[in-house]
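Colleague: Before anything else, here's the structure in question.
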Amino acid sequence: MHMSMVNADQLPAAEPAFLTVTDLWRSFGGVQAVAGVSFAVPQHQIIGLIGPNGAGKSTVMNLIAGIEHPDRGSVFFDGADISHAPPHQVAKRGLIRTFQISSEFARLTVLENLMMAVPHQRGATFWGAMRGRRFWSEDEKVNLERAQDLLERFHLSDLADDYASDLSGGQKRILEIARSMMAEPKMLLLDEPFAGIAGPLARTVEEYLMALRDEGVTMIMAEHELSVIDRCSDSVVVMALGKVIATGRMEDVRQNQEVIDAYLTA
Amino acid sequence: MSVAWQFYAITLLVYFGVNLMAGWAINFQYGVAGILNFGFIIFQSIGAYVASVTTLGASQPGGYQQYILGATLPWPLSIVAAGIAGGLLAIVVGSFALRPIGRAFQGIVLLIVAVIASDLVSTEFGWFDGTNGLAAIPKPLQGALGLGLVSYGWFYVGLTAVFCVVTYFVIRRCSTGPYGRKLRALRENARSASALGVNVRKETMVVFVVGGVIAAISGAVLVQFLGAWAPSTWMPSETFLYIAAIVVGGVDNMAGVALGVAILYTGILEGVQYFPSIGVGNLVGAVQWMAIGILVALFLWFRPQGMVPQRRRRLSTRVRTVRGSRANVVGVRERDDKNVLT
């Protein structure tokens, strides 16, 4: 099965696409980081985005999340063209990206990191703040319960009031995933979510992500650990040198000669 | 207390109040939201100028001082006009200086703006009478109250205190709760904050304007006390005194900033006045800057969080397991938590 230059409409899509990326191009100086990438993500699925280092996975995620903008091509999410939308607008539509390197708010507590991500908080604007505690305290209480539930689920309750800078690398990754959950996402872009998370905790996170998928959250997961992709993802998109070289189910892609070559030569 | 001492105390207290307002404003911008405003002094200055020209009356052709916008607004309106001017200047400057997210870039652009503004105001004699500056600025309500000089001075101390209380109230509300949390997130990692739905440019601009308005009002309060204002009173380097005050006192802590302002302005700047005038002519000025420079360097090296550090906001409402509760009982807590004043 040879699937180089796959078009969105060629994908096995049981449901209409939730996110459609069409012919995306982006260069940095002389480097063509992304060269004509197209794929579609159906709703309620986990799509693995894999490929050797430098394949352009993170750039594709940045282009989808609005952190970078494409030189050419388009991104449609939930029926809207977000190709050139700034990141905060993309996030407000329910598409939340996590980062490969830890991006915690260091001098905020763990709980504050989570609370910060809740959209539409009553007290989170200048005028809302000026109206005083009585205006937002009920709202805050509800969010606080949700945040503490999440921390319990990820075994971070003991650290709730510690500064995020005091967490270990793995704990920071979990914090970031928990934080993105507080943002009430319709879709998550997870950039190597398991990097630095060890053993049993990795299983917890994995199970949690799959449960989320079953609850209706769509995900793209860039990950080097292929066994995780094997277990979690419904299908995969394989990238190399800025291009999509294969798409499909993991077991099929494993047999693809081009994919094997890309991984061996990278 | 003799009249001379009373005047001295009045001057110190008004200066302290004005510097406190400005210190809180720049701390709100830098300490809470992470905007490195090296051009802060121009916002204080525009407030002072606008409060002056809107009370001096129309500029007389051939008069001893020339200025624009001459008017005679009654007292609170001149302060309101100053605040509006500060806000508008913040919108104009912020529209280009805050554009890129890079903090160092913002700082440098704002410093350059301050230097250019200082040069322009110094050389354009038609605006605010250039290097001569403005003088004989009326004191608010002096005629209406009919107080003696000393009593009026104490009245002005009270007036300044009212402005300080209002400033405290506004900044306190803005830096606690969900809004303060959002601004601190922006300070810590603007990229992550925007990926979570925070409009970084808009939020930064709001903070910049709030800080600009408060700075301008502090300038207006000061100039109506002093009765004069000139480019020599707002050198771009003055901003670094405010930054020094919050570094020493405690970044992102309103009590810390008050302490820093007291130490730097009332302690050091006043303290060195009592130096004997020996050696070079401007010994006092040189010693002031040296003392402040050394103090800031020492703090950055040995206690970067300042005397009163940022308050850790403990939101957790649930009972802790062994680790947390034991720590509470034994009192094993980081040092900075004991120093909380706010």
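Chains as they are written, first to last, in our numbering: chain A, 70 to 335; chain B, 3 to 344.
C-beta: ideal position from N, C-alpha, C; glycine also.
Using CA atoms only, rank isn't needed, just tell me which of A:141, A:246 and A:285 is closest to residue 275 (chain A).
Modeller: Reading the first sequence from its first residue, position 206 is the one you call residue 275 (chain A). Comparing Cα-Cα distances from residue 275 (chain A) to each of A:141, A:246 and A:285, the minimum goes to A:246.
Colleague: Which partner residues does residue 115 (chain A) have in the DSSP bridge list?
Modeller: In the first sequence, counting from the first residue as 1, residue 115 (chain A) sits at position 46. DSSP output for residue 115 (chain A) lists A:288 as bridge partner(s).
Colleague: Using a Cβ-Cβ cutoff of 7 Å, what residues of the segment 190 to 208 of chain A are near chain B? List them in chain order.
Modeller: Going along the segment 190 to 208 of chain A in chain order, one finds 190, 192, 193, 194, 195, 197, 198, 199, 201, 202 and 205 with a Cβ nearer than 7 Å to chain B.
Colleague: Give, in chain order, every unbroken run of the alpha helix (DSSP H) that is at least 4 residues long and sits entirely within the segment 109 to 180 of chain A.
Modeller: Runs of the alpha helix (DSSP H) inside the segment 109 to 180 of chain A: 126 to 134 and 156 to 161.
Colleague: Whole angstroms is fine: what's the gap from residue 104 (chain B)'s alpha carbon to residue 204 (chain B)'s?
Modeller: Mapped onto the second sequence, residue 104 (chain B) falls at position 102. Mapped onto the second sequence, residue 204 (chain B) falls at position 202. The straight-line gap from Cα to Cα measures roughly 15 Å.
Colleague: Examine the Cβ distances between the segment 48 to 58 of chain B and the segment 129 to 142 of chain B and report whether three or more of them are shorter than 8 Å.
Modeller: Contact between the segment 48 to 58 of chain B and the segment 129 to 142 of chain B is present, because at least three Cβ pairs lie under 8 Å.
Colleague: Where does residue 266 (chain A) sit, in a helix, a strand or coil, going by DSSP?
Modeller: Along the first sequence, read from residue 1 onward, the residue named residue 266 (chain A) stands at position 197. Correct three-state label for residue 266 (chain A): coil.
Colleague: Below 8 Å on C-beta distance, what does residue 215 (chain A) contact in chain B?
Modeller: Counting from one through the first sequence, the residue named residue 215 (chain A) turns up at place 146. Correct list: empty, because the minimum Cβ distance to chain B is about 12 Å.
Colleague: Below 9 Å on C-beta distance, what does residue 176 (chain B) contact in chain A?
Modeller: What you label residue 176 (chain B) is simply residue 174 of the second sequence in a count that begins at 1. Within 9 Å Cβ-Cβ: 195, 198 and 199.
Colleague: For residue 129 (chain A) and residue 103 (chain A), what's the separation of their Cα atoms in angstroms?
Modeller: In the first sequence, the residue the question calls residue 129 (chain A) occupies position 60. In the first sequence, the residue the question calls residue 103 (chain A) occupies position 34. Approximately 7 Å between the Cα atoms of the pair.
Colleague: Could you work out which residue in A:120, A:105, A:325 and A:278 is closest to residue 291 (chain A) when comparing CA atoms only?
Modeller: Here residue 291 (chain A) is taken as the residue at index 222 of the first sequence, counted from 1. Closest by alpha carbon: A:120.
Colleague: What does residue 181 (chain B) reach in chain A if we use C-beta pairs closer than 8 Å?
Modeller: Position 179 of the second sequence, counted from the first residue, corresponds to residue 181 (chain B). Going along chain A in sequence order, the residues near residue 181 (chain B) (Cβ under 8 Å) are 192, 193, 194, 195, 197 and 198.
Colleague: DSSP on residue 312 (chain A), reduced to helix/strand/coil?
Modeller: Here residue 312 (chain A) corresponds to residue number 243 of the first sequence, with the count starting at 1. Strand.
Colleague: DSSP three-state label for residue 170 (chain B), please.
Modeller: Here residue 170 (chain B) refers to the residue found at position 168 of the second sequence. Note: residue 170 (chain B) maps to helix in three-state DSSP.
Colleague: If you pair each beta-carbon of the segment 249 to 257 of chain B with each one of the segment 297 to 305 of chain B, do three or more pairs fall below 8 Å?
Modeller: Result yes; three or more Cβ-Cβ pairs closer than 8 Å.
Colleague: Just to make sure I have the definition right: I need the residues of chain A whose C-beta is within less than 9 Å of the C-beta of residue 186 (chain B). Which are they?
Modeller: The sequence position of residue 186 (chain B) within the second sequence is 184, counting from 1. Residues of chain A passing the Cβ test: 174, 176, 177, 181 and 185.
Colleague: Against chain B, with Cβ distances strictly below 8 Å, would residue 232 (chain A) count as a contact?
Modeller: Here residue 232 (chain A) corresponds to residue number 163 of the first sequence, with the count starting at 1. With 8 Å as the cut-off, residue 232 (chain A) counts as an interface residue toward chain B.
Colleague: Below 7 Å CB to CB, which residues in the same chain sit around residue 56 (chain B) once its five sequence neighbours on both sides are set aside?
Modeller: Within the second sequence, numbered from 1, the residue matching residue 56 (chain B) stands at position 54. Excluding sequence neighbours, residue 56 (chain B) sits near 71, 73, 75, 80 and 83.
Colleague: Among A:85, A:114, A:123 and A:108, whose alpha-carbon lies nearest the alpha-carbon of residue 101 (chain A)?
Modeller: Here residue 101 (chain A) is taken as the residue at index 32 of the first sequence, counted from 1. Checked all of A:85, A:114, A:123 and A:108; the closest Cα to residue 101 (chain A) is A:123.
Colleague: On the three-state DSSP scale, how would you describe residue 236 (chain B)?
Modeller: Here residue 236 (chain B) is taken as the residue at index 234 of the second sequence, counted from 1. Residue state, collapsed to three classes: coil.
Colleague: Around the Cβ of residue 93 (chain B), are there at least 16 other Cβ atoms within 10 angstroms (buried) or fewer (exposed)?
Modeller: Position 91 of the second sequence, counting from 1, holds the residue named residue 93 (chain B). Flag for residue 93 (chain B) reads exposed.
Colleague: Check for me: the beta strand (DSSP E) holding residue 7 (chain B) runs from which residue to which?
Modeller: Indexing the second sequence from 1 puts residue 7 (chain B) at position 5. It is not in any beta strand (DSSP E) - residue 7 (chain B) instead sits in the alpha helix (DSSP H) that spans 5 to 28.
Colleague: Closer than 7 Å by beta-carbon distance: list the chain B residues that pair up with residue 156 (chain A), in chain order.
Modeller: Against the first sequence, residue 156 (chain A) aligns to sequence position 87. Chain B residues near residue 156 (chain A): 196 and 197.
Colleague: What did DSSP end up calling residue 267 (chain B) once you bin it into helix, strand or coil?
Modeller: Counted from its first residue, the second sequence places residue 267 (chain B) at position 265. Here residue 267 (chain B) sits in helix by DSSP.
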